[in-house]
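Here the structure is laid out as structure tokens; the discussion comes afterwards.
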Amino acid sequence: MRTHQCACLCEADIGQDVALAGWMNSRRDHGGVIFIDLRDSSGIVQIVINPDQSESFSRAEQARNEFVLRVTGQVRLRPDGTENPGLSTGTIEVVADQLTILTRTEHLPFQIDDEDVNETLRLKHRYLDLRRTRMQRNLRLRHSLVRTIRHFLEARDFTEIETPMLTRSTPEGARDYLVPSRVHTGAFYAMPQSPQMFKQILVISGFERYYQIARCFRDEDLRADRQPEFTQLDLEMAFVEEADIMQLMEALFKLAFSELGDIKLPDTFPVLSYREAMKRYGTDRPDLRIALELVDLTDAMKDEEFQVFRRAANRKDGRVAALRVPDGAALTRQKIDAYTEFVGNYGAKGLAYIKVNSTAAGREGLQSPIVKFLSDAAIDSIIQLSNCQPGDIVFFGADAASTVNASLGALRNQLGADLGLVEEGWQPVWVVDFPLVEYDQESNRWQALHHPFTAPKEDALDEIQSDPGSVLSRAYDLVLNGVEIGGGSIRNHRLDVQRQIFRMLGLSEDSIDEKFGFLLTALSCGAPPHGGIAFGIDRIAALLAGESSIRDVIAFPKTQRAYCPLTDAPNAIATEQLNELELRVKTTASIMNAPVSENP
RNA sequence: GGGGCGGUAGUUCAGUUGGUUUAGAAUUCCGGCCUGUCAAGCCGGGGGUCGCGGGUUCAAGUCCCGUCCGUCCCGCCA
């Protein structure tokens, strides 16, 4: 079929007879001579067809973009002055002596060199979309990432082991994707949200170093960085502590980013406690490229007369905080209003601000609707603690700490983007010392922050029953440029501790044994101390590719309604299939909620 | 479940306070010319359920209501 790939030809091949095959990227028909850019997976080379090859010439006249062609001819140097420096093969061309059309195209739904095509259309005709340079590059980059990871772990004696895709539904965590069992009528498998329990059992089984590039499934609403099925690097190790895993993963990321993006990550990644991250950035996944930080004013505002601040400062779960933006006084009223609306998305009831004209003149130097409500002492505190300078603006949040953190944390990111305060580069950070559990008002019980197998700090065992909220866990998250790319923990290898935690989470003895009995029994048979971590391959690939959505590093992703425009999944199924499973679809659900498979 | 933005030739878009022609442009497509282009160029032609359904109006791509789809975000995601 072919002797060479298009872009593998170079000046050393001049004079050679070659055979090429590929897609017609573009055609320039001068009447007397036709140029064709022929594309294969290696790239593009220019074909020249002269009228003396009359049959091939007339076929070339018919050819259209994305026709599949085979060309034989000779490689030659391009005539002086006709080189194309924009092409890697721009100094040569192939003079065709025969051109055949292997496949014609019907009307193309879109041009593949069109950068801005409706995404649903791209997904519906993904075979065309994936031909584009950008998508070819993204998927090859993703492949290289996985290859690098495998190499790295193989060299360190990890064993890749597959775990079941049909497993059991667990009560904690995300909504499961369910698969009905035919053999066990009325019972369901669940698709794994992660291989968590299996990997612990593998380590208990004596595979001291396990890993897997694992597909995971969560039936929750989608985001730019969340798909219903996604890929994790999942790993687990016996006889380790936090530092062992963190150091190994730092080595892996330093290698991968240097190999794949020529990016040098810091020798040692900084570490932040959860508490400090929330205090300074309002989030447990701070983007350290943005120099802005929250300043806590809760203590300073406890006795303040200004109700909004005083009430928030004195409530048990309250917080008053400030976000100073250097040179932000130039923000217009209109923009401030837009930011007020923005923080409203996160539950903030308003967005107080002070524009700083001078710091020496006390209240006279400040310009703000709230200054008149503030005492001199409060104004001094604000100036001192925020360290504001003339020309700055200081934003305030005063509410439940969770609201203040969410709104000012999001505002910090938004201002960073809007004002160009995001530094170039790559800033990883470990976040550690998470609370083991948090209280869920809705279900009226404690819930694991990571998952219920996470070990508590060793010195906190006594508080698990007495004061669960104060217990810290042995969990760690890795955050890169504000993206949570992975997380893990040291696990409970002691049966009694694990039982105690289940109990604290409100599970009855019966329910513990029914749902987690197999794991507890395994723990009772000689479980080594162990821990692990999991990384979002899609998110890491998107970061490396410079894409803002993981859909652009997934070959066949779903839309925000979890729909696949290519295959029209999910779809209604035949009554016979339902009968075989002894299932019946509620009439209100059947047709009404089936996805509409019409063109966008 | 909630909020923002969007949906007009195959594609990407424009379309003003509701009314100038038959809803435009570029590109794709079709035909013609053209021997050094590389987004080739020049001439001509075809191509529209203005997402869908109601409503207001003498008149709706434009205003109102509903709905569907896409996207970003909140909730949700142990």
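Note that my numbering gives residue 129 to position 126 of the first sequence, counting from 1, and the numbers run on in steps of one. All C-beta atoms in this analysis are idealised placements derived from N, C-alpha and C, irrespective of residue type, glycine included.
Task: Nearest-angstrom Cα separation, counted from Pro-573 out to Val-599 - done: Summary for Val-599: the model assigns pLDDT 41, below 50, so the residue's position carries little reliability; its value from the coordinates is reported in the next sentence. If I take the Cα positions, the gap works out to 10 Å.
TODO: Check the C-beta distance from Ala-332 over to Val-359 and give it rounded, since I have them as a contact under 8 Å.
DONE: 6 Å
Task: Top-ranked residue by Cα proximity to Ser-457, from Thr-166, Arg-73, Pro-183 and Asp-480 - done: At residue 457 the sequence reads Thr, which differs from the Ser that was named. Comparing Cα positions, the closest option is Asp-480.
- [ ] Count the C-beta pairs between the stretch 150 to 157 and the stretch 570 to 588 that are closer than 8 Å, then say yes if the count reaches three, no if not.
- [x] no
Open item on the list: DSSP three-state label for Asn-28, please.
Closed with: strand
Open item on the list: Suppose you measure from the CA of Gly-285 to the CA of Leu-411; what does that come to, to the nearest Å?
Closed with: 6 Å
Task: For Ser-492: DSSP bridge partner residues - done: Ala-478 and Gly-535
- [ ] Ignore the nearest five residues each way along the sequence and tell me which others in Lys-177's own chain have a CB closer than 8 Å to its CB.
- [x] Here the sequence assigns Ala to residue 177, which means Lys is not the residue at that position. If we look at Ala-177 and ignore the five residues flanking it on each side, its Cβ neighbours are Gln-196, Arg-221, Asp-222 and Glu-223.
Task: Closest Cα partner of Leu-205 within the set Leu-238, Val-243 and Glu-86 - done: Leu-238
Task: Endpoints, the beta strand (DSSP E) within which Arg-327 is located - done: 321 to 328
Open item on the list: For Tyr-214, count the other beta carbons within 10 Å of its own beta carbon; 16 or more makes it buried, fewer makes it exposed. Which is it?
Closed with: buried
Task: Nearest neighbour of Asp-247, chosen from Ala-478, Ser-469 and Thr-6 [CA to CA] - done: Ala-478
- [ ] Give every residue of the same chain whose Cβ lies closer than 6 Å to the Cβ of Arg-322, excluding the five residues on either side of it in the sequence, and list them in chain order.
- [x] Thr-301, Ala-404 and Val-407
Task: Nearest-angstrom Cα separation, counted from Tyr-192 out to Thr-166 - done: 14 Å
TODO: Determine, using beta carbons only, whether Trp-449 and Val-440 come nearer to each other than 7 Å.
DONE: yes
Task: Pair within 7 Å by beta-carbon distance, Val-78 and Asp-16 - done: yes
TODO: State buried or exposed for Lys-127, treating a residue as buried only when at least 16 other CB atoms are found within 10 Å of its CB.
DONE: buried
Task: Sequence-distant residues of its chain with Cβ nearer than 6 Å to Ala-315 (five each side left out) - done: Gly-321, Val-323, Ala-401 and Asp-402
Open item on the list: According to DSSP, is Met-304 part of a helix, a strand, or is it coil?
Closed with: helix
Task: His-187 to Glu-585 span [Cα, whole Å] - done: 10 Å
Open item on the list: Taking its Cβ as the centre, do 16 or more other Cβ atoms sit within 10 Å of Thr-271, making it buried, or is it exposed?
Closed with: exposed
- [ ] Return the first residue and the last residue of the beta strand (DSSP E) that Val-298 is part of.
- [x] 297 to 299
Task: Burial state of Met-4 (16 or more Cβ within 10 Å) - done: exposed
TODO: Assign Lys-375 to one of two classes, buried (16 or more other C-beta atoms within 10 Å of its C-beta) or exposed (fewer than that).
DONE: exposed
Open item on the list: Nearest by alpha-carbon distance to Glu-163: which of Ala-190, Ala-217, Glu-344 and Glu-296 is it?
Closed with: Ala-217
- [ ] From the DSSP output, in three-state form, read off Met-240 for me.
- [x] strand
Open item on the list: In the DSSP assignment, the beta strand (DSSP E) including Tyr-607 goes from what residue to what residue?
Closed with: Nothing can be reported for residue 607: it is not among the residues displayed for the chain, which extend from 4 to 603.
Open item on the list: Between Gln-392, Ala-409, Arg-229 and Val-71, which has its C-alpha nearest Asp-43's C-alpha?
Closed with: Val-71
- [ ] Look at the Cβ atom of Phe-60, then the Cβ atom of Ile-50, and state whether they are nearer than 7 Å.
- [x] no
Open item on the list: Let's test the definition: count the other Cβ atoms within 10 Å of the Cβ of Pro-560 and tell me whether it reaches 16, buried, or not, exposed.
Closed with: buried
- [ ] Please work out which residues of its chain come closer than 7 Å, Cβ to Cβ, to Ile-493, disregarding the five sequence neighbours upstream and downstream, and give them in chain order.
- [x] Glu-244, Glu-245, Ala-458, Arg-477 and Gly-534
Open item on the list: Spatial neighbours of Gly-93 within its chain, please: C-beta separation below 7 Å, excluding the five flanking residues on both sides.
Closed with: Glu-86 and Asn-87
Task: Residue environment, Phe-399, which counts as buried when at least 16 other CB atoms sit within 10 Å - done: buried
Task: For Val-435, the three-state DSSP class (helix, strand or coil) - done: strand
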